[in-house]
Amino acid sequence: MNVKFYVRALLCLALTYLLSFTPIHGQALRVGDAIPDELWDIPLQVVNHPSGKHTITLAEYKDKLIILDFWATWCGPCVAMLPRQDSLQKMFAENLQILPVTYQNEGEITDFMDRYTQRTGQKNTLPKVTNDSTLRRAFPHSYLPHYVWIQNGAVKAITGHEEVTSKKIRSVLKDGLTTLSTKADPKRIAFDKESPLLVNGNGGSGDNLIYHSLFTGYQKGLPSAYFLSQPDSIKGVKLTCTNLSRLTLFKNAFGERTWPISANQIMMEVKEPGRLTSALKGSPYLEWLDQGNGFCYELILPASRADQVFSIMRRDLDLLFPDYTAAVEKHLRKCYVLTRSGTGLPLVTRGGEPAVIHEQFRYKSINRPLGLLVRNLNMKFLQHSPYPILNETGFEGPVDIDIEANMSEIDDLNRALAKYGLKFMEEEREIDMLVIRDRKNP
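Laid out in structure tokens, this is it:
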């Protein structure tokens with residue numbers, strides 16, 4: 380299987396559970412808490428049960444070590460953990476039960492697992508809890524994947540994926556190991572994206588205010604996010620960035636509204652790239668942001684100056700990050716160029732409500748531009764490809780497309796796209812590149 384663990388980690392960080400959790404008896408269950416009687420016996424909907432059951436209870440596994448795996452089909456690290464979990468379940472079958480748990484419905488999970496088996500040749504044997512809200516309320520969390528270990532009637536540990544190994548499971552089963560690292564999701568604080576950041580305590584106290592247009596250091600409790608409002612004659616136009624790295628701020632400023640800058644369209648000619656961006660994930664990445672590498676920026680302008688938002692943002696970044704220069708330059712690069720031979724199914728749409736499904740093994744768009752496929756590949760599935768993805772089909776309008784392929788593999792994409800007469804070709808093109816350099820005389 381060619382699914383790398385960290386390919387979608389940032390996406391999973393961005394697509395957090397922004398939900399209000401109300402545990403069944405008022406408080407979230409924590410490490411050391413006993414599992415309440417009512418939680419043991421609540422029926423849970425399942426698919427893929429080895430005995431064909433449609434519901435189970437946690438009580439059925441009470442004499443085993445239970446690991447609840449909160450996951451979703453859109454979460455790359457969650458999907459990448461599936462084969463490891465299957466292997467661990469078989470290895471410790473008599474004393475362990477791993478239960479993947481998702482809020483998604485039975486149809487979504489069954490359809491996804493069928494495609495997963497077709498694309499990878501691996502059949503995952505774990506029963507999966509679907510349509511869940513009960514366990515999610517009992518064990519609230521912000522980021523996926525999320526693991527809850529239950530042993531001897533109590534919460535043994537709450538961890539990230541790093542702790543789910545044969546060595547750690549063996550130690551828990553043999554010695555009751557309690558040194559598992561606890562997954563610490565940041566505590567959410569009140570934040571209204573429609574209101575100015577930090578005014579009247581919105582999003583924090585503002586005690587580390589740096590620049591009043593507005594620029595602050597890392598604000599614990601806020602997501603890593605980017606918002607741009609529509610111009611309003613009364614409220615003006617507002618651009619807000621929260622807890623983003625220097626590189627991401629530069630990408631937003633130069634990409635503006637229309638150019639999503641992928642990693643392969645960036646050149647960093649700097650001595651210390653670790654100040655601009657980091658490959659860390661999860662809690663270590665948040666710690667890196669908090670160590671002087673994460674920033675919040677907000678700009679509010681009158682609606683009449685909405686077209687100047689990004690030029691002013693670039694001016695501010697030039698002022699606030701004096702160690703760097705950033706510019707868009709033309710460079711010759713090898714690219715994957717989407718072309719059309721003219722033979723194949725017509726690129727048309729039947730109309731209807733625009734919609735898109737973009738998963739690891741399927742892409743379906745209804746009444747959406749062909750360029751959206753290229754955008755998804757650049758920003759998600761092929762974000763780590765050395766070659767940028769370009770659309771040279773000449774099709775700008777909406778189309779209907781439905782393909783099944785490993786979206787991270789060009790050869791498999793070409794196989795699936797052939798029915799539409801589409802193909803990615805390796806070609807050299809002079810393209811826009813975001814170039815960041817150390818400033819000679821900062």
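For the sequence shown, the working numbering assigns the number 380 to the initial residue and increments by one for each residue that follows. Each residue gets a CB set at the ideal place from its N, CA and C atoms; glycine is no exception.
Do you know offhand how far residue i's Cα is from residue j's?
{"i": "L668", "j": "G455", "result": "22 Å"}
{"i": "N484", "j": "T434", "result": "13 Å"}
{"i": "V425", "j": "L813", "result": "48 Å"}
{"i": "P663", "j": "L618", "result": "27 Å"}
{"i": "T489", "j": "R463", "result": "19 Å"}
{"i": "H520", "j": "E708", "result": "42 Å"}
{"i": "Y526", "j": "T504", "result": "18 Å"}
{"i": "F594", "j": "C675", "result": "6 Å"}
{"i": "G661", "j": "Y522", "result": "8 Å"}
{"i": "S550", "j": "L461", "result": "22 Å"}
{"i": "T436", "j": "D416", "result": "11 Å"}
{"i": "K614", "j": "L607", "result": "13 Å"}
{"i": "N510", "j": "P479", "result": "12 Å"}
{"i": "P402", "j": "A517", "result": "Because P402 carries a pLDDT of 45, less than 50, the predicted location of this residue cannot be relied on, and the following value inherits that uncertainty. Each residue's Cα considered, the two are about 4 Å apart."}
{"i": "D779", "j": "K743", "result": "8 Å"}
Where does residue i sit, in a helix, a strand or coil, going by DSSP?
{"i": "R818", "result": "coil"}
{"i": "Y676", "result": "strand"}
{"i": "K443", "result": "coil"}
{"i": "F449", "result": "strand"}
{"i": "V458", "result": "helix"}
{"i": "G615", "result": "strand"}
{"i": "K469", "result": "helix"}
{"i": "L505", "result": "coil"}
{"i": "L623", "result": "strand"}
{"i": "A438", "result": "helix"}
Taking the continuous beta strand (DSSP E) assigned at residue i, which residues delimit it?
{"i": "E738", "result": "734-738"}
{"i": "V480", "result": "475-480"}
{"i": "Y703", "result": "703-719"}
Could you give the C-beta distance for residue i and residue j, rounded to a whole number, given that I count them as a contact under 8 Å?
{"i": "S683", "j": "T656", "result": "No, S683 and T656 are not in contact; Cβ-Cβ is about 35 Å, not under 8 Å."}
{"i": "K798", "j": "S720", "result": "Not really, about 12 Å apart at Cβ, beyond 8 Å."}
{"i": "D817", "j": "Y703", "result": "7 Å"}
{"i": "P639", "j": "M492", "result": "Going by Cβ atoms, the distance from P639 to M492 rounds to 30 Å, so no, they are not a contact pair."}
{"i": "R494", "j": "R794", "result": "That pair is no contact at about 15 Å."}
{"i": "L514", "j": "A536", "result": "In fact, because the Cβ distance is near 16 Å, the residues do not count as touching under 8 Å."}
{"i": "P506", "j": "W450", "result": "Not quite, the Cβ-Cβ distance comes to about 13 Å (not below 8 Å), so this is no contact."}
{"i": "Q476", "j": "K443", "result": "5 Å"}
Just reading off the alpha helix (DSSP H) that residue i is part of, what are its end residues?
{"i": "Y526", "result": "Where Y526 is concerned, there is no enclosing alpha helix (DSSP H), although the beta strand (DSSP E) it sits in stretches over 525-530."}
{"i": "Q424", "result": "Segment 423-426 is the beta strand (DSSP E) holding Q424; no alpha helix (DSSP H) there."}
{"i": "Y495", "result": "485-499"}
{"i": "I691", "result": "688-699"}
{"i": "T722", "result": "Careful: T722 lies outside any alpha helix (DSSP H) and carries neither H nor E."}
{"i": "L418", "result": "416-420"}
{"i": "T513", "result": "513-517"}
Does the beta-carbon of residue i, which I'm using as the reference point, lie nearer than 8 Å to any heavy atom of the ligand PLP?
{"i": "E485", "result": "Among the components of this structure there are no ligands whatsoever, and the ligand PLP is therefore not found."}
* To do: Only counting runs of 3 or more residues, tell me where the beta strand (DSSP E) segments fall wholly within the region 578-611, in order along the chain.
  => 588-590, 594-596, 604-607
* Tell me the start and end of each unbroken beta strand (DSSP E) in the region 628-673 that is at least 3 residues and wholly inside, in chain order. => 645-648
* Asked: What are the uninterrupted segments assigned as alpha helix (DSSP H) that are 4 or more residues long and contained completely in the region 733-812, given in chain order?
  -> 750-755, 789-796
* At which residue ranges does the region 531-567 contain complete beta strand (DSSP E) runs of 3 or more residues, listed in the order of the chain? -> 533-538
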